[in-house]
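First comes the structure, then the notes that go with it.
There are 2 protein chains.
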Amino acid sequence: MKKEKHDKIRKSLLESAEQLFARFGFEKTTMNDIANEARKGKSSLYYYFSSKEEIFKAVVTIEAERFKSIITETLENIDDTKEQIKQYFSIRMHRFQELSNLYAAMRNDYLRKLDFIEKIRKQYDREELEFIQNLLEKGVNRDEFEIKNITDTSFALASAIKGLEYPMVLHKDETNLDHRIDALLSILFYGIVKR
Amino acid sequence: MKKEKHDKIRKSLLESAEQLFARFGFEKTTMNDIANEARKGKSSLYYYFSSKEEIFKAVVTIEAERFKSIITETLENIDDTKEQIKQYFSIRMHRFQELSNLYAAMRNDYLRKLDFIEKIRKQYDREELEFIQNLLEKGVNRDEFEIKNITDTSFALASAIKGLEYPMVLHKDETNLDHRIDALLSILFYGIVKR
DNA sequence: ATTTGACTTTTTTACCGAAATGGTCGAAAA
DNA sequence: TTTTCGACCATTTCGGTAAAAAAGTCAAAT
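Respectively, the protein sequence lines represent chains H and G.
Going by our numbering, the residue at position 33 of the first sequence is 33; the numbering climbs one at a time, nothing skipped.
Here our numbering runs 1000 ahead of the position in the second sequence, where the first position is 1.
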């Protein structure tokens, strides 16, 4: 079976799509645009994907998987849970920044009734919440952390990340990003009360 | 001077306006609606206010002042900075919840190009950041807190609050609100690292 | 197995007059 | 003098519609 070629073209289509989605958003990008960018006829897209939505989901999924594998690879070499959280935050925010165009495109369309985009967001919010919760639980089990209510704490932490994320979409202050992450982590680990 | 009556009518107009803005948002509320609600002719509104925007700003200002005075009154009887922060968070979030209709209305219109609403939001974001910063500074000066970079920490904290605020607009989980505030404050004060 | 042009169906756009809306002004009421 | 409002204007929104553009289908060609 010549699956290779098939996959290669599929991949090239997704790359074209990602570029365009990041630049123009979901709505403003047409199937024709994607096809042209990939030097194919529009109809060909439907040989590889069943719909525009599916293409978009595939693009997002690819980036999500890429992110997850970066995280997994990075964290598996780290023993200290605290350090894992540090790395997670740092990679997470920088990755977000790199993809901010795509995210911004999502965000714009997303408050325009595109409920399938909202579903995608919720899906990943849930996943992130779960991931954070697992990290915290592990830290507690290893006696590194001391947390009364892990569920609420995870939620607070996930919310805090999203709060940090929001202004990044608007003005891209790359300068302060690391400082802000540090500040958040410093609070998270040690709090502000003097001892 | 019979300023009393003037002020009374003005107030009644603002009450009508607030009700309607909270229900329908800025755009869907017409000057006629406000006038009818207050049993006046539309033209009369312009005797008390110069424009629709001004009415909206006045409504928001009233609520903001009300909030500030609640905060001031509550905090001035508290000596402990930590306790002040607790109270601030609690009142802040509950107040937000009470006004969530108005906020939601703002939020909807706000991503619809109403840049004057965006300005209002930014204004209050700035004020909140400043307020938080002052609280932290006071805590540090009184040797209650130990914070490396107050600016970044304030920013992180303000972001965290806004992150917590966001899901409240969507689903109104009153149940978990207090727990989540507690979780956030617990992190803020003591961190999660075991000692 | 892959591509595409011709085709159908659905969605968006452009445009129009009508209605609604924000805002003004001066006369009238209080 | 202070307050109210009807008549009025300018601009924006709305409803409906025809044309354009887009998504999606399919069978023939490669």
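Ideal placement from N, C-alpha and C gives every residue a C-beta, glycine not left out.
These numbers come from a predicted model, not from an experiment.
DSSP places Phe1089 of chain G within a helical segment (H, G or I) once states are collapsed to three.
By the criterion of a C-beta distance shorter than 6 angstroms, Ile161 of chain H is surrounded by no residue of its chain, once the five residues flanking it on both sides are discounted. In this structure Ala1156 of chain G is in contact with Ala183 of chain H, their Cβ atoms being roughly 4 angstroms apart against a cut-off of 8 angstroms. In this structure the segment 32-47 of chain H does not touch the segment 71-84 of chain H; the number of beta carbon pairs closer than 8 angstroms is below three. By the CB criterion at 8 angstroms, Leu135 of chain H and Ile150 of chain H fall outside the cutoff. Within the segment 21-36 of chain H, no residue has its Cβ closer than 8 angstroms to any Cβ of chain G.
DSSP, reduced to helix, strand and coil, places Phe96 of chain H within a helical segment of the structure shown.
Put simply, of G:Arg1126, G:Gln1123, G:Tyr1048 and G:Glu1054 the residue whose alpha carbon is nearest the alpha carbon of Phe1021 of chain G is G:Glu1054. Between Lys40 of chain H and Glu4 of chain H, the alpha-carbon positions lie close to 18 angstroms from each other.
Val1193 of chain G reaches chain H at Lys82, Gly139, Glu144, Phe145, Glu146, Leu188, Phe189, Tyr190 and Gly191, counting residues in chain order whose Cβ is nearer than 9 angstroms.
Taking Arg95 of chain H as the centre and dropping the five residues before and after it, the same chain places the C-beta of Phe67 closer than 6 angstroms to its C-beta, in chain order. For Glu1165 of chain G and Ile9 of chain H, the gap between their C-alpha atoms comes out near 44 angstroms. Boundaries of the alpha helix (DSSP H) harbouring Asp125 of chain H: Asp115 to Asn141, taken from the DSSP string. Ser1090 of chain G is not a Cβ neighbour of Ile1147 of chain G, given a cutoff of 8 angstroms.
Taking 8 angstroms as the cut-off, the Cβ atoms of Ala1105 of chain G and Phe1026 of chain G count as close.
Ranking H:Leu177, H:Val193 and H:Arg195 by CA distance to the CA of Arg92 of chain H puts H:Leu177 first.
Boundaries of the alpha helix (DSSP H) harbouring Asp1033 of chain G: Met1031 to Glu1037, taken from the DSSP string. The beta carbon of Gly1163 of chain G sits closer than 8 angstroms to some beta carbon of chain H. Pairing Asn101 of chain H with Arg23 of chain H, the inter-Cα distance amounts to about 7 angstroms. Around the CB of Thr61 of chain H, fewer than 16 other CB atoms lie within 10 Å, so the residue is classed as exposed. Under the three-state reduction of DSSP, Phe49 of chain H is assigned to coil, being neither helix nor strand. Gln1123 of chain G is classed as exposed because its beta carbon has fewer than 16 other beta carbons within 10 Å across all chains shown. Residues of chain G whose Cβ lies closer than 7 angstroms to the Cβ of Leu184 of chain H are, in chain order, Ala1156. Inter-residue distance for Ser1044 of chain G and Ser1012 of chain G is about 13 angstroms (C-alpha atoms, whole angstroms). Neighbours of His1179 of chain G across chain H, judged by C-beta separation under 8 angstroms: Asn149 and Asp152. Nearest neighbour of Leu1114 of chain G by Cα position, chosen from G:Leu1014, G:Ser1154, G:Ser1159 and G:Lys1052, turns out to be G:Lys1052. Under DSSP, Phe145 of chain H takes part in a beta bridge, and its partners are G:Val1193. Look at the segment 1084-1106 of chain G: it has no residue with a C-beta under 8 angstroms from a C-beta of chain H.
At a cut-off of 8 angstroms between beta-carbon atoms, Tyr166 of chain H makes contact with chain G. Ser43 of chain H has a beta carbon lying at 8 angstroms or more from every beta carbon in chain G. Cβ neighbours of Leu1099 of chain G within its own chain (closer than 7 angstroms, five residues either side excluded): Glu1063. Chain G has no Cβ within less than 8 angstroms of the Cβ of Ser12 of chain H.
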